[in-house]
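Asks: Handing you a structure now.
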Amino acid sequence: MTTLGILLVLALLLVVFGLLFRLQILTSIFSGSSTREVGTSNRVNAILCLIFLVVGGAAFAWSFADSYDKMNPPIASVHGLATEKMFWSSMIVIGIAFVLTQVLLFWYSYKYQHQDGRRAFFFPHNNKIEVIWTLIPAIVMAALVFAGWKEWTRITGPAPKDSVVLEVMGKQFNWLVRYPGRDQKLGVVNYRLIDATNEFGFDLSDQNGVDDFTAGEIHVPKGHPVLLRIRSRDVLHAVYMPNFRVQMYAVPGMPTKFWFTPTKTTDEMRAQMGNPNFNYELACNQICGRGHFAMKMSIVVDEPDDYVNWFAQQKSFSEQNPDVLASFKQKSDKLVEKATVVPTTAAAVVPAAAKASL
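Read in order, the letters of the sequence shown correspond to residues 11 to 368 in the working numbering.
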């Protein structure tokens, strides 16, 4: 049994003994015994409140310190630092308010325990106190909300023009990812075209989509902005990338987006953590059905040159599925040519040297 388990058992035993003692006192009162037991019971409860405050506070502090690394995986994105700062600012404010109110709650329970002859003082209203505890939380909350709004508008606003663009689609129960081809333009998709082969619903009558390709894992270049276009094929999912501090819902019928800039390659993070098996991960953190546990996908952060090489090796969906391309009545010679020939223009992430090798 772990240390935390032992502490929980001891706490539960303490609570049980306290309830049994209180039950005995109440039984004595109802049976006509002296009211002196009321003071004794109240005094015991007051002491137990202090014990609970100290033991509970110590257990919370130990649990927090022990789980800190698990709650805060290393940051690997530019905006992650700002998000982390904003998160801990909120936690400090909330933590101070929580500790203060809980200490006062249990201390007052002890200090103002029952005493024979003591009469309660009725305190109906105080304008000064009302103004203080209204204005201070309002100002603090306004500052936190403004900071959050500012960061939110930045990461969901227009991405840099040279961003690597990819589309992530959630479905029960896995993730699909689509990259634009060498023209760096995502083609049109149509949910009516979805079947066992065409899971994305590629509409290959759109020239921009003929060179699009899918991948079994996400690859992004270090130090380069990445724009995620997010959607869901069925129910509510969530794109959660903890190391990049990325969290965005995948909503059916409502495309969303999020952009970030990775700062550490997968190999660098493995070295930092001392774990050669570490992989960045995309996970769904919204319970979306029986197979929710399976909604994970590996993310590989490459050096820019390695990303270019990986990109150059990918084959388009239409090239891998010529029967799907042939099934479109509106196909033309240009579509076939686009699926097999490299255009004269390419994105900045695929330099001329790499294009020549294609």
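Glycine included, C-beta positions come from ideal geometry on N, C-alpha and C.
Kindly indicate which three-state DSSP category residue 262 falls into: helix, strand or coil?
Replies: Residue 262 falls in the strand class under three-state DSSP.
Asks: Would you say the beta carbon of residue 116 is closer than 8 Å to some non-hydrogen atom of the ligand HEM?
Replies: As for the ligand HEM, it is missing from this structure, which has no ligand bound.
Asks: Could you compute how far the alpha carbon of residue 23 sits from the alpha carbon of residue 320?
Replies: Answer to the nearest angstrom: the Cα atoms are 60 Å apart.
Asks: Under the three-state reduction of DSSP, which class applies to residue 22: helix, strand or coil?
Replies: Residue state, collapsed to three classes: helix.
Asks: For residue 371, collect the residues of the same chain with a Cβ closer than 7 Å to its Cβ; drop the 5 residues on either side in sequence, then sort them by chain order.
Replies: Because residue 371 is not part of the residues shown, which for the chain are 11 to 368, the question remains open.
Asks: Taking just the CA atoms, how far does residue 210 sit from residue 294?
Replies: Residue 294 and residue 210: Cα-Cα distance of roughly 18 Å.
Asks: Please determine, among 281, 266, 254 and 271, the residue with the shortest C-alpha to C-alpha distance to residue 8.
Replies: A query on residue 8 cannot be resolved here, the shown segment of the chain reaching from 11 to 368 and no further.
Asks: Please list the segments of the alpha helix (DSSP H) lying wholly inside the segment 258 to 311, counting only runs of 4 or more residues, in order along the chain.
Replies: Here the runs fully enclosed are 276 to 283.
Asks: Among the residues of its own chain, which have a CB less than 7 Å from the CB of residue 207, if the five just before and after it don't count?
Replies: 331 and 334, listed in sequence order.
Asks: Taking 9 Å as the cut-off, decide whether the C-beta atoms of residue 324 and residue 201 are in contact.
Replies: Result no, Cβ atoms of residue 324 and residue 201 do not sit closer than 9 Å.
Asks: Per DSSP, what kind of secondary structure is residue 181 in: helix, strand or coil?
Replies: In the structure shown, residue 181 sits in a strand (DSSP, three-state: E or B).
Asks: Checking 9 Å against the spacing of the C-beta atoms, do residue 212 and residue 199 come in under that value?
Replies: For residue 212 and residue 199, yes; Cβs fall inside 9 Å.
Asks: Specify, as a first and last residue, the run of the beta strand (DSSP E) that residue 141 falls within.
Replies: Residue 141 -> not in any beta strand (DSSP E); alpha helix (DSSP H) instead, spanning 137 to 166.
Asks: At which residues does the beta strand (DSSP E) containing residue 229 begin and terminate?
Replies: Start and end: 228 to 231.
Asks: Look up residue 187 in the DSSP assignment and give the residues it is bridged to.
Replies: 178 and 225, per the DSSP bridge assignment.
Asks: Measuring only the C-alpha atoms, how far is residue 344 from residue 285?
Replies: Here the model assigns residue 344 a pLDDT of 49, short of 50, so the residue's position is not dependable, and the following value carries that caveat. The straight-line gap from Cα to Cα measures roughly 48 Å.
Asks: Does DSSP classify residue 16 as helix, strand or coil?
Replies: Reduced to three states, the DSSP call for residue 16 is helix.
Asks: Among the residues of its own chain, which have a CB less than 7 Å from the CB of residue 70, if the five just before and after it don't count?
Replies: So no residue of the chain qualifies.
Asks: Could you check the C-alpha separation between residue 131 and residue 67 for me, to the nearest Å?
Replies: Going by the C-alpha atoms only, they are around 30 Å apart.
Asks: Let me know the secondary structure DSSP gives residue 250 once reduced to three states.
Replies: Note: residue 250 maps to strand in three-state DSSP.
Asks: Nearest CA to the CA of residue 231: which residue from 86, 113 and 20?
Replies: Selected option, being the one with the closest Cα: 86.
Asks: Decide yes or no for the touch test of the segment 248 to 268 against the segment 102 to 110: beta carbon pairs closer than 8 Å, at least 3 of them.
Replies: Result no; under three Cβ-Cβ pairs closer than 8 Å.
Asks: Pick out the complete alpha helix (DSSP H) segments inside the segment 73 to 99, 4 residues or longer, and give them in chain order.
Replies: Listed in chain order, there is nothing to give.
Asks: Roughly how many angstroms separate the alpha carbons of residue 283 and residue 98, rounded to a whole number?
Replies: Their Cα atoms are separated by approximately 22 Å.
Asks: Mind checking which residues open and close the alpha helix (DSSP H) that includes residue 328?
Replies: Element bounds for residue 328: 327 to 330.
Asks: Just how far apart, CA to CA, sit residue 148 and residue 119?
Replies: For residue 148 and residue 119, the distance between alpha carbons rounds to 28 Å.
Asks: Can you give me the C-alpha to C-alpha distance between residue 280 and residue 274, rounded to a whole angstrom?
Replies: Each residue's alpha carbon lies about 10 Å from the other.
Asks: Can you tell me the Cα-Cα spacing of residue 180 and residue 151, whole angstroms?
Replies: When rounded, the distance between both Cα atoms is 34 Å.
Asks: By the three-class DSSP mapping on this structure, what secondary structure does residue 202 have?
Replies: Looking at residue 202 - three-state DSSP - the assignment turns out to be helix.
Asks: What residues match up with residue 238 in a beta bridge as DSSP calls it?
Replies: 176 and 268.
Asks: Quick check on residue 212: does DSSP put it in helix, strand or coil?
Replies: Note: residue 212 maps to strand in three-state DSSP.
Asks: Can you grab the Cα-Cα spacing for the pair residue 312 / residue 272, in whole Å?
Replies: Between residue 312 and residue 272, the C-alpha separation is close to 10 Å.
Asks: Assuming contact is defined by CB atoms lying nearer than 9 Å, are residue 262 and residue 241 in contact in what I supplied?
Replies: A contact, by the Cβ cut-off of 9 Å.
Asks: Roughly how far, in whole angstroms, is the beta-carbon of residue 400 from the beta-carbon of residue 308, given that I think they are within contact range, below 8 Å?
Replies: The structure shown does not extend to residue 400, since the chain is modelled only from 11 through 368, so no value can be given for it.
Asks: Out of curiosity, what's the CA-to-CA distance linking residue 25 and residue 126?
Replies: Looking at the two C-alpha atoms, the distance is approximately 26 Å.
Asks: At what residues does the alpha helix (DSSP H) containing residue 314 begin and finish?
Replies: From DSSP, the alpha helix (DSSP H) with residue 314 extends over 314 to 323.
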